[in-house]
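Mapping of the sequence shown onto our numbering: residues 124 to 723, in sequence order.
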Amino acid sequence: MRIEKVVIENLNSLAGRFEIDLCDPAYSGGLFAIVGPSGAGKTTVMDAMCLALYGRTPRISTISETQDELMNKYEDWCAAEAVFSSHGRRYRSRFEHSRTARGIKPFRAVKREVYEQAADGSWHPVATSIREAESKIEELTGLNFERFMRSIMLAQFRFAEFLQANSTDRAAILEQMTDMDIYRRISMAVYERAKSIRLMLDETRRRIAEISAEVLSEEETAAREAELERLSAAIPVHATLKEKLADCINRIACLKDKQAELKRYQEDVPKLAKALADRQSELAEAEKQEQAQKQAQAALAETLKAVRALDQQIASRQAEVDRLRKEIGEHDNRIRAYKSRILELFKKYFPNESRETYGALYRDPNVGPRLLKSVQKELGAARGRLDELQAQQNAALKGQDEAYWQQQADMLGVAVPAAEALAEITERQEELKRQRKLADELLAREKELEQPARDAEEKLLHARLRQQFEKERQCLKDGEPCPLCGSTVHPGADKPFDEQWLKQCEAEHKSAQAALKDAQRAAAQAAAAADQLEKLIAEKESFVKQQREKLKGQDVDLSNAAALKQRLADAQGVLRLAGELSRQRIALQEQVTRLTEKLG
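Structure below.
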């Protein structure tokens, strides 16, 4: 690759357009120097060459829509262009960047283009984007940015350090600049590998010597084999003896335990002998007392026999007395019951009479026929009422039995909640659609607000950087070099910073962040509400499925909850009415039974 021309436009302190044609006869000697005072633009020439080919410089690696430290502070755009030849063809690589008139970001996007010259002298684009340009330049020159820096730009950045260093330091610097570290590592790896192989060779030779020293003669080998056979034959005998020895040891341990136990028993013999003598004396005394008690018992036996005979007679008489008392009590109870029933009959069939009249009726022998007639009349009325209640109950049941209506009520008791849940599912699904639509709209709103929020943040960052730059610029003094570009001329150093613009950026950033947070919160709430609705619908659907399983085989339509509720109310009303009539009929039946018993 050979660079033929470099074009510089509004870079650093070089405002305007500058062109360096390296094909000019003045450079035909092949060797020239770029000289000048600090801030004259020597480094800018190198920066322009790097920008044109690679879009960055050794000092500044990033140029974007938010920052550009190479553009002249008083111009709205900058550019760098390099014309070079490679493999017999000519190419032109261009870098261009400009400020925005207004907006959140202070700069526009970087432009990178590579052109190839045709035979007729016209230029045709071969790369029109940053990625395409980087790939094309590396393909044409065979150098990426790092290799370009080591080979082409050595004189600008490391050559003075290289010349002033001693021989050892120059080797290290040259290695860093030319990326020779890989060859140093290869050399070290080869050395370590050779050292390891030498150690392995020495160890192998030592082992061979040891093995050679250990090799036995044929006579020694035969003797050792015979010894091995003898020892092998002795192994089973040794194992048997070992087992017998272990058995003997166990038996000895058991005998020792038995001897210790026997010794304890022998120590207890004198104590036991004394205790035995004491117990024998006590036994003799007890035998004497037992003999005396036997004689006393023999004397009392006859008396006890006579007493028991008398007790038996008394017991038999007492049982007879108790039986008679019980019978008398039962008769008294029946008499009182009869009197009570007779008094009830008198009060029922002869109301408003005095106690004296009831007493006279009790003694009247002709009162029975009168009571019988009244009871028969009441019995006829009760039976008529019983038939009437039976007819009412049949009418209430509408030609069905109570089991049918109970089955209907049970079935409808399952169907009504299922129908209500099914209706609620439909309502909730419509509500879920509305909630999901709202959540999607809020999420879209959140996405719309994210970019303005990022733009406002970048704009605020740029404004604060501009504020800092303006503060630093106001510290510059005429005649003194700028620490950034080296220029001794500082036009615009006294230009004040627009604080109102900074406040406006801060307000826009705050407003954008607040709007984004509100949208995020609303979207999260809408999504949570939709999730809750989905959970509720799933629970209702599970409930309906369970109820349908219970209604399996039943002909019931769950689409009309109101009709099912009315049917359930009707069935429950029939059951209540039938139950009440049944209770009245049972009470009346009991009354008929009692009257029939009275007549009997």
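The beta-carbon is built from N, C-alpha and C at its ideal position, and this holds for glycine as well.
Boundaries (first-last residue) of the beta strand (DSSP E) holding residue i
i, result
"E629", "Per DSSP, E629 belongs to no beta strand (DSSP E); it is in the alpha helix (DSSP H), 622-673."
"V130", "125-134"
"Y214", "212-221"
"L599", "No beta strand (DSSP E) contains L599, which DSSP labels as neither H nor E."
"V249", "246-250"
Three-way DSSP call (helix, strand, coil) for residue i in this model
i, result
"K234", "strand"
"R140", "strand"
"E241", "Correcting the residue identity first, residue 241 is Ala in this sequence and not Glu. Coil at A241, not helix or strand."
"D302", "Bear in mind that the predicted position of D302 carries a pLDDT of just 49, short of 50, making it too unreliable to give a figure here."
"E204", "strand"
"S209", "strand"
"Y481", "Interpretation of Y481 is limited by its pLDDT of 49, a score under 50 that renders its predicted location unreliable; no figure is taken from the coordinates."
"A278", "For A278, the predicted structure reports a pLDDT of 47, less than 50, and the residue's modelled location is therefore unreliable. The matter cannot be settled from this model."
Extent of the continuous alpha helix (DSSP H) run through residue i
i, result
"S258", "253-264"
"V168", "165-177"
With 16 other Cβ atoms within 10 Å as the buried cut-off, status of residue i
i, result
"N456", "exposed"
"F469", "Because F469 carries a pLDDT of 49, less than 50, the predicted location of this residue cannot be relied on, and the following value inherits that uncertainty. With 16 or more Cβ atoms within 10 Å of its Cβ, F469 is classed as buried."
"R330", "exposed"
"L447", "exposed"
"A576", "buried"
"A398", "exposed"
"E453", "exposed"
"Q435", "exposed"
"D170", "buried"
"R217", "buried"
"G164", "buried"
"R235", "buried"
"H632", "buried"
"P148", "exposed"
"D191", "buried"
"F155", "exposed"
"G139", "exposed"
"K663", "buried"
"L555", "buried"
"E595", "exposed"
"N135", "buried"
"N373", "exposed"
"E581", "buried"
"C608", "buried"
"H247", "exposed"
"E132", "buried"
"E142", "exposed"
"G602", "exposed"
"M323", "exposed"
"C146", "exposed"
"I157", "exposed"
"E204", "buried"
"E257", "buried"
"M311", "exposed"
Cβ separation of residue i and residue j, assumed to be a contact under 8 Å, to the nearest whole Å
i, j, result
"Y238", "R215", "4 Å"
"L583", "E629", "6 Å"
"R231", "T223", "6 Å"
"A586", "L625", "5 Å"
"L572", "A646", "Not quite, the Cβ-Cβ distance comes to about 10 Å (not below 8 Å), so this is no contact."
"A538", "L681", "6 Å"
"K228", "T189", "6 Å"
"R557", "L659", "That belief does not hold up - the Cβ atoms of R557 and L659 are roughly 15 Å apart, past 8 Å."
"P604", "S245", "With 8 Å as the limit, P604 and S245 do not qualify as a contact, their Cβ atoms being about 44 Å apart."
"E569", "A651", "With a Cβ gap of about 15 Å, E569 and A651 do not count as contacting."
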